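*Asks:* Throughout the sequence shown, residue numbering follows our numbering, covering 7 to 299 in sequence.
Even glycine gets a Cβ: it sits at the ideal position worked out from N, Cα and C.
For clarity, every value in this text was computed on a predicted model and none was experimentally measured.
Starting off with a structure, shown below.
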Amino acid sequence: MSNARRSARRERRRGCSSDDFRLARARVASSPNSFLKTLPASENSSASAQFTAALLLPFRAARFLWRERNLWRYAALPALVHLALFTGAAALALTLADDALARWIWAEPSGALTLGWYVVYALALIAGLVLAYVAALLVGGVVVSPLNDRLSERTEQVLTGGVRNSDEPLWRVTLRSVASTAFITTLYGVLLVPVLLLNVVPGVGSAAATVLGFTLSAFFLAWEYADICLARHGLGLRRKLRILRRRPALTFGFGAGATLLLWMPLLNVLVMPAAVTGGTALALTLRNLPESA
Numbered sequence: 007m008s009n010a011r012r013s014a015r016r017e018r019r020r021g022c023s024s025d026d027f028r029l030a031r032a033r034v035a036s037s038p039n040s041f042l043k044t045l046p047a048s049e050n051s052s053a054s055a056q057f058t059a060a061l062l063l064p065f066r067a068a069r070f071l072w073r074e075r076n077l078w079r080y081a082a083l084p085a086l087v088h089l090a091l092f093t094g095a096a097a098l099a100l101t102l103a104d105d106a107l108a109r110w111i112w113a114e115p116s117g118a119l120t121l122g123w124y125v126v127y128a129l130a131l132i133a134g135l136v137l138a139y140v141a142a143l144l145v146g147g148v149v150v151s152p153l154n155d156r157l158s159e160r161t162e163q164v165l166t167g168g169v170r171n172s173d174e175p176l177w178r179v180t181l182r183s184v185a186s187t188a189f190i191t192t193l194y195g196v197l198l199v200p201v202l203l204l205n206v207v208p209g210v211g212s213a214a215a216t217v218l219g220f221t222l223s224a225f226f227l228a229w230e231y232a233d234i235c236l237a238r239h240g241l242g243l244r245r246k247l248r249i250l251r252r253r254p255a256l257t258f259g260f261g262a263g264a265t266l267l268l269w270m271p272l273l274n275v276l277v278m279p280a281a282v283t284g285g286t287a288l289a290l291t292l293r294n295l296p297e298s299a
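Below is the structure:
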């Protein structure tokens, strides 16, 4: 079988024709956006240089979003939805924490124990806020996934001048986005449980949990935000994971940058659109690398 025929068959398995593949690579290569070029330029550099370029990608994406004002309306709505979810969850958590402490755990005492009661009360409120924050992030990611898909689509349009499956029905986009995000979030939660349990191990348990937890978050955030674009290109689960493994330094570098960006309480609600934009750039870069890369 000729090399051309084998190449064509390989591209059909990818879900696009050879012409589509060459056109996509040409769009990325000719893009006037230095933001998109930062990752392709690092393909032949060291792993540390690739990691650094990808680590900075979410921050470059934030600057790109600030310049591209036509994307603001697509970025604003997901941020507002996340903010509303957190506000509602925080109010509910504070109410429940107050009620639970007063009725079920420890009614407010008098005398010398009053100070201790207020300390426990403050800790219960803080725990409630943390739980509300985590719940808002996890649930919000699923709720706003169709909106993030729209932002990713518009970002791809600006970066490359074209969008795959731009005429896809809204119901299909919504179903695909919600299902994919829910799957990634659920898998992340399942894998995170044993990592958190390491905290009960004396000695190195907490340190190991911190390192493994950060690594796990980095990979899953890179997957979640790159998946928006990759799914729109019609790629299946195995194909997506194979693409993410092509350049581990790029994948984990972007995930680490996104993790740092999203660790900022409340402010992360505003910078999540930058993670979506950066994930789109990462997906376009990894998608268009040669198969042997």
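1) Quick one: using the 10 Å Cβ neighbour count with 16 as the cut-off for buried, is Pro-175 buried or exposed?
2) Shortest alpha-carbon distance to Ala-53 belongs to which of Thr-291, Phe-258 and Ile-132?
3) Could you compute how far the alpha carbon of Thr-192 sits from the alpha carbon of Val-199?
4) Asn-274 lies in the alpha helix (DSSP H); which residues open and close that run?
5) So, does the stretch 262-274 touch the stretch 55-70, judging by three or more C-beta pairs under 8 angstroms?
6) If Arg-182 and Ala-237 are in contact, beta carbons under 8 angstroms, what's the gap, nearest whole angstrom?
7) Is it buried or exposed, Met-270, if we count other Cβ atoms within 10 angstroms and call 16 or more buried?
8) Give the secondary structure of Arg-253 by DSSP, where H, G and I count as helix, E and B as strand, and everything else as coil.
9) Under the three-state reduction of DSSP, which class applies to Leu-121: helix, strand or coil?
10) Please report the straight-line C-alpha distance between Asn-205 and Ala-280, rounded to a whole angstrom.
11) I need the DSSP call for Phe-27, collapsed to helix, strand or coil.
12) Quick check on the DSSP output: the alpha helix (DSSP H) that includes Asn-154 runs from which residue to which?
13) What are the boundary residues of the alpha helix (DSSP H) that includes Leu-63?
14) Less than 8 angstroms between C-beta atoms, sequence neighbours within five positions excluded: which residues of the same chain meet that for Val-164?
15) Between Ala-185, Asn-274 and Leu-222, which has its C-alpha nearest Tyr-194's C-alpha?
16) Beta carbon of Ala-232, beta carbon of Leu-288: below 8 angstroms?
17) Tell me, please, whether the stretch 150-169 touches the stretch 202-217 by the rule of three or more beta-carbon pairs shorter than 8 angstroms.
18) Who are the Cβ neighbours of Lys-246 in its own chain at under 7 angstroms, not counting the five residues just before and after it?
19) So Leu-292 and Arg-244 are in contact, right, with Cβ under 8 angstroms, and what is the actual spacing, rounded?
20) For Trp-269, which of helix, strand or coil comes out of DSSP?
21) Alpha carbon to alpha carbon, how far is Pro-208 from Phe-70? Give it in angstroms, no decimals.
22) Grouping DSSP H, G and I as helix and E and B as strand, with all else coil, what is Pro-208?
23) With a 10 Å radius around its C-beta and 16 neighbouring C-beta atoms as the bar for buried, classify Ile-132 as buried or exposed.
24) Does the beta-carbon of Leu-290 have 16 or more other beta-carbons within 10 angstroms, so that it is buried, or is it exposed?
25) In chain order, what residues of the same chain have a beta carbon less than 7 angstroms from the beta carbon of Ala-68, not counting five sequence neighbours either side?
*Replies:* According to the data block:
1) exposed
2) Phe-258
3) 11 angstroms
4) 273-293
5) yes
6) 6 angstroms
7) exposed
8) coil
9) helix
10) 32 angstroms
11) Residue placement at Phe-27 is flagged as unreliable, the pLDDT there being 42, under the threshold of 50; a coordinate-derived value is accordingly withheld.
12) 151-166
13) 63-73
14) Asn-39, Glu-74, Asn-76 and Leu-77
15) Leu-222
16) yes
17) no
18) Asp-233 and Leu-236
19) The pair is not a contact, with the Cβ atoms about 15 angstroms apart (cut-off 8 angstroms).
20) coil
21) 45 angstroms
22) coil
23) exposed
24) buried
25) Val-277 and Ala-280
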